[in-house]
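S.K.: According to my numbering, the sequence shown is numbered sequentially starting from 3.
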Amino acid sequence: MKSLQPLDEEKVFKDPVHNYIHVQDRLIWTLINTPEFQRLRRIRQLGTSYLTFHGAEHSRFSHSLGVYEITRRIISQFERSGYEDWPSEERMVALCAALLHDLGHGPFSHSIEEAFEMNHEEWTCRILLEDTEIHRVLEDVEAGFSEKVAAVIRKDYEKAVVVNLVSSPLDADRMDYLLRDAYFTGVNYGTIDMDRIIRVLRPHNGRVVVKETGMHAIEDYLMSRYQMYWQVYFHPVTRSSDIVLRHIFQRAKELFDSGYNFTFLPHPLPALFRNELNVKEYLLLDEALVQTTFMQWTLEKDEILADVCARFMERRLYKYVETELIDLDMIDQIRREFAEAGLHPQYDLEIDFPTDLPYDVFRPGDPKKEKQILLLDRQNKVQEISEVSDIVRSISGIHRGRYHLYFPQEKLERVKHKLSPHIADIFEDKLGPAQMEFEI
3 MKSLQPLDEE
13 KVFKDPVHNY
23 IHVQDRLIWT
33 LINTPEFQRL
43 RRIRQLGTSY
53 LTFHGAEHSR
63 FSHSLGVYEI
73 TRRIISQFER
83 SGYEDWPSEE
93 RMVALCAALL
103 HDLGHGPFSH
113 SIEEAFEMNH
123 EEWTCRILLE
133 DTEIHRVLED
143 VEAGFSEKVA
153 AVIRKDYEKA
163 VVVNLVSSPL
173 DADRMDYLLR
183 DAYFTGVNYG
193 TIDMDRIIRV
203 LRPHNGRVVV
213 KETGMHAIED
223 YLMSRYQMYW
233 QVYFHPVTRS
243 SDIVLRHIFQ
253 RAKELFDSGY
263 NFTFLPHPLP
273 ALFRNELNVK
283 EYLLLDEALV
293 QTTFMQWTLE
303 KDEILADVCA
313 RFMERRLYKY
323 VETELIDLDM
333 IDQIRREFAE
343 AGLHPQYDLE
353 IDFPTDLPYD
363 VFRPGDPKKE
373 KQILLLDRQN
383 KVQEISEVSD
393 IVRSISGIHR
403 GRYHLYFPQE
413 KLERVKHKLS
423 PHIADIFEDK
433 LGPAQMEFEI
């Protein structure tokens with residue numbers, strides 16, 4: 003079958019994280035060159051984090067290539083070692099799933115998912131299974147091959163060992179984004195010993211497990227991941243930009259539903275607001291289109307939409323204060339006083355708690371088998387890593403964090419005299435001479 007033949011000459015991508023990414027299979031090269039995969043060049047990997055870490059401009063395209071490369075290396079290690087528990091006939095399914103796992107991400111990734119209650123994995127599967135170039139390429143391998151790849155993405159493929167490579171607490175996806183995100187944000191937290199991790203991975207009884215002698219490399223990986231979540235992914239300034247972005251989408255949809263006459267509303271945004279996007283329309287959504295729309299919306303007559311768009315495009319983000327746990331009555335009082343002072347109780351105040359975010363932080367001892375990292379000892383017995391490692395148990399209390407209250411500083415400054423002393427005290431540290439730059 004021609005699509006499964008090797009390339010006449012190996013193709014190589016120069017990569018800042020993995021040095022080189024090697025493509026030896028004709029099918030992989032063909033998939034990379036489809037319009038649907040090339041679209042990922044126009045989707046940032048870290049959403050709005052570039053407004054906090056100016057180097058975080060890398061794309062879902064480069065991340066997807068990295069996940070493919072790590073998966074290829076893991077499989078090569080399995081095949082060189084001759085592990086009987088690795089089904090070698092699944093090699094191409096695993097490589098395709100690794101390469102294509104993020105196809106369904108939209109502009110600004112998780113932010114647009116939150117705003118419109120979308121799921122990128124569902125869109126990935128639709129792109130794989132509906133009338134697209136990628137679907138035709140996969141079906142050219144054999145009838146039903148696209149469904150096999152989609153099943154890996156959905157995590158219900160019949161061979162869990164294949165799913166583990168792409169989706170598990172220790173998968174190629176997480177390894178690449180830790181290394182890549184650390185590199186492009188300029189932090190040191192995500193520097194893991196990937197070569198060592200790959201060497202100690204084993205297929206065992208239908209799962210990918212870790213040889214016990216590699217436990218310290220996994221501890222380092224989990225600590226790096228923990229630090230990346232709190233220092234990069236949960237960064238409060240990035241949350242501020244996410245909130246402004248979500249307010250843009252929220253306000254635009256409210257206006258659309260009310261029959262507001264936009265001066266600029268390009269296709270396919272009306273279908274997005276109606277929740278009627280088909281695959282072809284969804285693939286038109288990228289960050290270039292969205293940011294062009296935001297710039298045009300800074301001129302809209304609706305003051306709320308124009309304001310939040312200008313804030314996002316000019317990086318005039320909301321300030322924030324940290325506070326201890328607050329109850330619903332306090333939240334209601336803050337919103338009520340904001341409204342009485344002339345502020346908008348929704349668009350001029352957002353209350354955020356970091357663990358509400360859509361990132362999967364490893365939780366030691368999780369009863370769900372697919373979320374466990376298993377160590378394999380010399381007697382071929384497996385144990386969940388938190389049963390063995392003191393370090394892993396020490397980070398199990400991941401629900402740390404404090405409430406963050408986000409608000410437009412200059413607006414609140416103008417009306418602070420109208421707030422009760424008790425409420426004004428909450429925001430006291432950030433009121434006074436406006437300082438609009440954030441510190442990392």
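Glycine included, each C-beta is placed from N, C-alpha and C at the ideal position.
Predicted model only: the values in this text are computed from it and were never measured.
By Cβ distance below 7 Å, which residues in the same chain neighbour ALA290 in space, the five residues on each side in sequence not counted?
M.R.: Position 288 of the sequence shown, counted from the start, is the residue given in the question as residue 290. So the qualifying residues of the chain are ARG44.
S.K.: Once DSSP output is grouped into helix, strand and coil, what is the label at MET438?
M.R.: Here residue 438 is taken as the residue at index 436 of the sequence shown, counted from 1. Note that MET438 scores 40 on pLDDT, short of 50, meaning its location in the model is unreliable and no value can be drawn from it.
S.K.: If you drop the 5 nearest sequence neighbours on each side, which residues of the same chain put their C-beta closer than 8 Å to that of PRO8?
M.R.: Counted from its first residue, the sequence shown places residue 8 at position 6. So the qualifying residues of the chain are GLN26, ASP27 and ARG28.
S.K.: Assuming ILE23 and LEU67 make a contact with CB atoms under 8 Å, what is their CB distance in whole Å?
M.R.: Within the sequence shown, numbered from 1, the residue matching residue 23 stands at position 21. Within the sequence shown, numbered from 1, the residue matching residue 67 stands at position 65. With a Cβ gap of about 5 Å, ILE23 and LEU67 count as contacting.
S.K.: Note the first and the last residue of the continuous beta strand (DSSP E) segment covering HIS24.
M.R.: On the sequence shown, position 22 is the one that residue 24 refers to. Per DSSP, HIS24 belongs to the beta strand (DSSP E) from 21 to 27.
S.K.: Taking 7 Å as the cut-off, decide whether the C-beta atoms of ILE72 and ASP195 are in contact.
M.R.: In the sequence shown, the residue the question calls residue 72 occupies position 70. In the sequence shown, the residue the question calls residue 195 occupies position 193. Not a contact, by the Cβ cut-off of 7 Å.
S.K.: Roughly how many angstroms separate the alpha carbons of ASN207 and VAL384, rounded to a whole number?
M.R.: The residue you call residue 207 lines up with position 205 of the sequence shown. The residue you call residue 384 lines up with position 382 of the sequence shown. Going by the C-alpha atoms only, they are around 10 Å apart.
S.K.: My assumption, with CB atoms under 8 Å, is that PHE118 sits in contact with LEU274. Please give the rounded CB distance.
M.R.: What you label residue 118 is simply residue 116 of the sequence shown in a count that begins at 1. What you label residue 274 is simply residue 272 of the sequence shown in a count that begins at 1. Rounded, the Cβ-Cβ distance is 7 Å, consistent with contact.
S.K.: I'd like to know whether the C-beta atoms of TYR284 and MET230 end up nearer to each other than 7 Å.
M.R.: Here residue 284 corresponds to residue number 282 of the sequence shown, with the count starting at 1. Here residue 230 corresponds to residue number 228 of the sequence shown, with the count starting at 1. No.
S.K.: I need the boundaries of the beta strand (DSSP E) containing PRO205, first residue and last residue.
M.R.: As a first step, residue 205 must be located in the sequence shown, where it is residue number 203. Note, PRO205: beta strand (DSSP E), 203 to 206.
S.K.: Could you check the C-alpha separation between ARG138 and LEU131 for me, to the nearest Å?
M.R.: As a working note, residue 138 is residue 136 in the sequence shown. As a working note, residue 131 is residue 129 in the sequence shown. About 9 Å.
S.K.: Evaluate contact between the stretch 220 to 229 and the stretch 78 to 90, counting only Cβ atoms and requiring at least three cross-stretch pairs below 8 Å.
M.R.: No, the stretch 220 to 229 is not in contact with the stretch 78 to 90.
S.K.: Alpha carbon to alpha carbon, how far is TYR361 from ASN121?
M.R.: Against the sequence shown, residue 361 aligns to sequence position 359. Against the sequence shown, residue 121 aligns to sequence position 119. Confidence at TYR361 is low in this model, with a pLDDT of 42, below 50, so its placement is unreliable and the value that follows should be read with caution. Computed Cα separation, rounded: 13 Å.
S.K.: Given this structure, state the Cα-to-Cα distance separating THR396 from LYS157, to the nearest angstrom.
M.R.: For the purposes of this step, residue 396 is taken as residue 394 along the sequence shown, with counting starting at 1. For the purposes of this step, residue 157 is taken as residue 155 along the sequence shown, with counting starting at 1. What sits at residue 396 in the sequence shown is Ser, not Thr. Their Cα atoms are separated by approximately 29 Å.
S.K.: Find the nearest neighbour of VAL165 within the set PRO205, PHE251 and HIS237, judged by alpha-carbon distance.
M.R.: The sequence position of residue 165 within the sequence shown is 163, counting from 1. Of PRO205, PHE251 and HIS237, the residue nearest in Cα terms is PRO205.
S.K.: Leaving out the 5 sequence neighbours to the left and right, which residues in its chain are closer than 7 Å to TYR185 when beta-carbon positions are compared?
M.R.: On the sequence shown, position 183 is the one that residue 185 refers to. Correct list, in chain order: PRO18 and VAL19.
S.K.: Using a Cβ-Cβ cut-off of 8 Å (strictly less than) and excluding sequence neighbours within five positions of THR215, which residues of its own chain qualify?
M.R.: Taking the sequence shown and counting its residues from 1, one reaches residue 215 at position 213. Result list for THR215: VAL202, in chain order.
S.K.: Using C-beta distances below 7 Å, list every residue in its chain close to ASP350, excluding the 5 sequence neighbours before and after it, in chain order.
M.R.: Counted from its first residue, the sequence shown places residue 350 at position 348. So the list reads PHE340, PHE409, PRO410 and LYS413, once near-sequence residues are dropped.
S.K.: Between ASN263, LYS373, LEU287 and LYS255, which lies nearest to HIS269 when the distance is taken from Cα to Cα?
M.R.: Reading the sequence shown from its first residue, position 267 is the one you call residue 269. The option with the nearest alpha carbon to HIS269 is LEU287.
S.K.: In its own chain, which residues sit with a C-beta less than 7 Å from the C-beta of LEU279, not counting the 5 before and 5 after it?
M.R.: Taking the sequence shown and counting its residues from 1, one reaches residue 279 at position 277. Cβ neighbours of LEU279 beyond the five flanking positions: PRO270 and ALA273.
S.K.: What does the Cβ neighbour count give for GLY188, buried or exposed, with the cut at 16 atoms within 10 Å?
M.R.: The count along the sequence shown starts at 1 and reaches residue 188 at position 186. Result: exposed.
S.K.: Going by DSSP, what residues sit across from GLN385 in a beta bridge?
M.R.: In the sequence shown, counting from the first residue as 1, residue 385 sits at position 383. For GLN385, which the question treats as bridged, DSSP gives the partners LEU377.
S.K.: Check the DSSP bridge columns for PRO8 and list the partner residues they point to.
M.R.: The residue labelled residue 8 in the question sits at position 6 within the sequence shown. Bridge partners of PRO8: ASP27.
S.K.: Work out the CA separation of LYS13 and GLU135 for me, nearest whole Å.
M.R.: Against the sequence shown, residue 135 aligns to sequence position 133. Against the sequence shown, residue 13 aligns to sequence position 11. Rounded to the nearest angstrom, the two C-alpha atoms are 21 Å apart.
S.K.: Going by the beta-carbon positions, is the gap between VAL310 and ILE250 smaller than 7 Å?
M.R.: As a first step, residue 310 is located in the sequence shown; it is residue number 308 there, counting from the start. As a first step, residue 250 is located in the sequence shown; it is residue number 248 there, counting from the start. Closer than 7 Å, so yes.
S.K.: Are the beta-carbon atoms belonging to ARG62 and HIS107 less than 7 Å from one another?
M.R.: The residue given as residue 62 occupies position 60 in the sequence shown. The residue given as residue 107 occupies position 105 in the sequence shown. Yes. Within cutoff.
S.K.: Spatial neighbours of VAL95 within its chain, please: CB distance less than 7 Å, with the 5 preceding and 5 following residues excluded, ordered by chain position.
M.R.: Residue mapping note: residue 95 aligns to position 93 of the sequence shown, counting from 1. Hits under 7 Å: LYS150, VAL151, VAL154 and VAL164.
S.K.: Hey, is the stretch 299 to 314 in contact with the stretch 238 to 246, meaning 3+ C-beta pairs nearer than 8 Å?
M.R.: Enough Cβ pairs lie closer than 8 Å, so yes.
S.K.: Mark ALA254 as exposed unless 16 or more other C-beta atoms lie within 10 angstroms of its C-beta, in which case mark it buried.
M.R.: The residue labelled residue 254 in the question sits at position 252 within the sequence shown. Under this definition ALA254 is a buried residue.
S.K.: Given that a residue counts as buried once 16 or more other Cβ atoms are within 10 Å of its Cβ, and exposed if not, what is HIS2?
M.R.: This structure does not reach residue 2, given that the chain is present from 3 up to 442, and the question cannot be answered.
S.K.: Thinking C-alpha only, which one of GLU141, ILE34 and TYR320 is nearest PHE429?
M.R.: Position 427 of the sequence shown, counted from the start, is the residue given in the question as residue 429. Taking only the C-alpha atoms, the option nearest PHE429 is TYR320.
S.K.: Looking only at C-alpha atoms, which of SER5, LEU97 and LEU376 sits nearest to VAL143?
M.R.: For the purposes of this step, residue 143 is taken as residue 141 along the sequence shown, with counting starting at 1. When only C-alpha atoms are compared, the closest one is SER5.
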